[in-house]
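> In the numbering used here, the protein residues as written are 2 to 369. For glycine and all other residues, C-beta sits at the position ideal for the given N, C-alpha and C. This structure is in structure tokens; I'll ask about it shortly.
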């Protein structure tokens, strides 16, 4: 029992450190301060999601076949490379390369963290506690990210190279901690990987792909769930991204930008924490409420009045994380352990697909 407590605690600690990336939390503002246009920033976001779209499912298969722990280590290794590349880049191609590496980092974490937690709890017959973990983990991540955005003024004062240098150090610590994670027996990862020759491993990869897509084909309800969650989440995420650059244009003092972004990010933490209180509501009812809330937040962000724009960002973050927790819990209960990371990666793939389309659109709308 102590092993599972240590495992969950370690995942929480990694979430805290991973979320507190000074440059990562204010990348839009840092690019804008370097002279990149809103269209270039939107293009960089699209590049991130094109890369994510291409590698999302393969990264999930790697997690299912080779183990969640190895996938988490790859995640933080890629974060180190991404921050180093951004720190050394002088032009848009360098930024684009860093965005690709950043996408790969998120790909390796996507589904792996959730699968690692769920299968660790399942191993000791406590999978019903996953809902609590999901809520707390997302809340911790949002608070850490909010704290990083609070220091956006510090990031701008330090300059993008020093800010990304600090992110390199944070990612390196997370890599070290990930090495201490334990692979759950029921996930199959290390147990399946050990002792297999190359041919049998390739068969396992093909099998994982085939079974995952067979599950999706037989369960259209799961695909609809992923698509709807992606639409709501992408709209809220882009609203918060572009508010980093739009609030100063609306007349907000740069010294107040960090606290404003911190306040908006706390909306996500509040939404994650509020999710268990709506457990008696049907998923359909919650999802419609969240969609309406995100649309309202987006409309408020276009008002040109800082106070109203901040309220819009808070609303978007609140309803984004509320639906994310409910969707995460629902999907984990639907998918088999052997393909859990792959199938959850398909959910992230849907998000990336929607983001590719909406990133340029939002860049155009906010650039007007």
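#1: Is the region 112-132 touching the region 303-317, taking contact as three or more C-beta pairs under 8 Å?
#2: Distance, Cα to Cα, residue 174 vs residue 78?
#3: Which runs of the alpha helix (DSSP H) at least 4 residues long sit entirely within the region 87-111? Give them in chain order.
#4: Is it buried or exposed, residue 40, if we count other Cβ atoms within 10 angstroms and call 16 or more buried?
#5: Using the Cα positions of residue 228 and residue 289, report the straight-line distance between them to the nearest angstrom.
#6: Answer yes or no: do residue 360 and residue 239 have a C-beta to C-beta separation smaller than 8 Å?
#7: Taking residue 84 and residue 169 to be in contact with their CB atoms under 8 Å, please state how far apart those CB atoms are, rounded to whole angstroms.
#8: Less than 8 Å between the beta carbons of residue 335 and residue 220, yes or no?
#9: When DSSP labels each residue in this structure, what does residue 79 get in the three-state scheme?
#10: Kindly list the residues whose CB is nearer than 6 Å to the CB of residue 80, restricted to its own chain and excluding five residues on each side of it in sequence; keep chain order.
#11: My output table needs one value for residue 146: the three-state DSSP class, helix, strand or coil.
#12: Could you give the DSSP three-state label for residue 9: helix, strand or coil?
#13: Any idea if residue 356 is buried or exposed, counting beta-carbon neighbours within 10 angstroms, 16 or more meaning buried?
#14: Please determine, among 275, 298, 305 and 297, the residue with the shortest C-alpha to C-alpha distance to residue 136.
#15: Please report how far the alpha carbon of residue 145 lies from the alpha carbon of residue 17, in whole angstroms.
#16: Tell me which residues share the same chain as residue 315 and place their Cβ nearer than 7 Å to its Cβ, disregarding the 5 neighbours each side in the sequence.
#17: Nearest to residue 76 by CA position, among 233, 55 and 114, is which residue?
#18: Can you list, in chain order, the residues of its chain whose CB lies under 7 Å from that of residue 351, leaving out five sequence neighbours each side?
#19: Straight-line CA distance for residue 293 to residue 59?
#20: Flag this pair as yes or no: are the beta carbons of residue 235 and residue 318 separated by less than 8 Å?
#21: Determine the closest residue to residue 249 out of 182, 367 and 44, with distance taken between C-alpha atoms.
According to the data block:
#1: The region 112-132, when compared against the region 303-317, does not touch it at the 8 Å Cβ threshold.
#2: Taking the first residue of the chain shown as position 1, residue 174 is located at position 173. Taking the first residue of the chain shown as position 1, residue 78 is located at position 77. Cα-Cα distance, rounded: 10 Å.
#3: The alpha helix (DSSP H) runs of length 4 or more contained entirely in the region 87-111 are, from start to end of the chain, 93-110.
#4: The residue given as residue 40 occupies position 39 in the chain shown. An exposed status is given to residue 40, since fewer than 16 other beta-carbon atoms sit within 10 Å of its beta-carbon.
#5: Position 227 of the chain shown holds residue 228. Position 288 of the chain shown holds residue 289. C-alpha separation (whole angstroms): 14 Å.
#6: Looking up residue 360 in the chain shown gives position 359. Looking up residue 239 in the chain shown gives position 238. Yes, they are a contact pair.
#7: For the purposes of this step, residue 84 is taken as residue 83 along the chain shown, with counting starting at 1. For the purposes of this step, residue 169 is taken as residue 168 along the chain shown, with counting starting at 1. Contact check for residue 84 and residue 169: beta-carbon distance about 5 Å, within the 8 Å limit, so the pair qualifies.
#8: Sequence index remark: in the chain shown, residue 335 carries index 334 (1-based). Sequence index remark: in the chain shown, residue 220 carries index 219 (1-based). It is a contact, given that the beta carbons lie within the stated cut-off.
#9: As a working mapping, residue 79 is identified with position 78 in the chain shown. Per DSSP, reduced to three states, the secondary structure at residue 79 is helical.
#10: The residue labelled residue 80 in the question sits at position 79 within the chain shown. Cβ contact annotation for residue 80 (same chain, cutoff 6 Å, sequence separation greater than five): 106 and 172, in chain order.
#11: Numbered from 1 along the chain shown, position 145 holds the residue referred to as residue 146. Here residue 146 sits in helix by DSSP.
#12: Translated into the one-based positions of the chain shown, residue 9 becomes position 8. Annotated three-state conformation of residue 9 is helix, per DSSP.
#13: Taking the chain shown and counting its residues from 1, one reaches residue 356 at position 355. Burial call: buried.
#14: Here the question's residue 136 lines up with position 135 in the chain shown. With respect to the C-alpha of residue 136, the residue from 275, 298, 305 and 297 having the closest C-alpha is 275.
#15: Reading the chain shown from its first residue, position 144 is the one you call residue 145. Reading the chain shown from its first residue, position 16 is the one you call residue 17. Cα to Cα, the separation comes out at about 6 Å.
#16: Sequence index remark: in the chain shown, residue 315 carries index 314 (1-based). Cβ contact annotation for residue 315 (same chain, cutoff 7 Å, sequence separation greater than five): 264, 265 and 268, in chain order.
#17: Counted from its first residue, the chain shown places residue 76 at position 75. That would be 114, whose Cα lies nearest to the Cα of residue 76.
#18: One-based indexing of the chain shown puts residue 351 at position 350. Sequence-distant partners of residue 351 (beyond 5 residues in either direction) whose C-beta falls short of 7 Å from its own C-beta, in its chain, are 227, 228 and 231.
#19: Reading the chain shown from its first residue, position 292 is the one you call residue 293. Reading the chain shown from its first residue, position 58 is the one you call residue 59. Rounded to the nearest angstrom, the two C-alpha atoms are 34 Å apart.
#20: Taking the chain shown and counting its residues from 1, one reaches residue 235 at position 234. Taking the chain shown and counting its residues from 1, one reaches residue 318 at position 317. Taking 8 Å as the cut-off, the Cβ atoms of residue 235 and residue 318 do not count as close.
#21: If you number the chain shown from 1, residue 249 lands on position 248. If we check each option's Cα against that of residue 249, 367 comes out closest.
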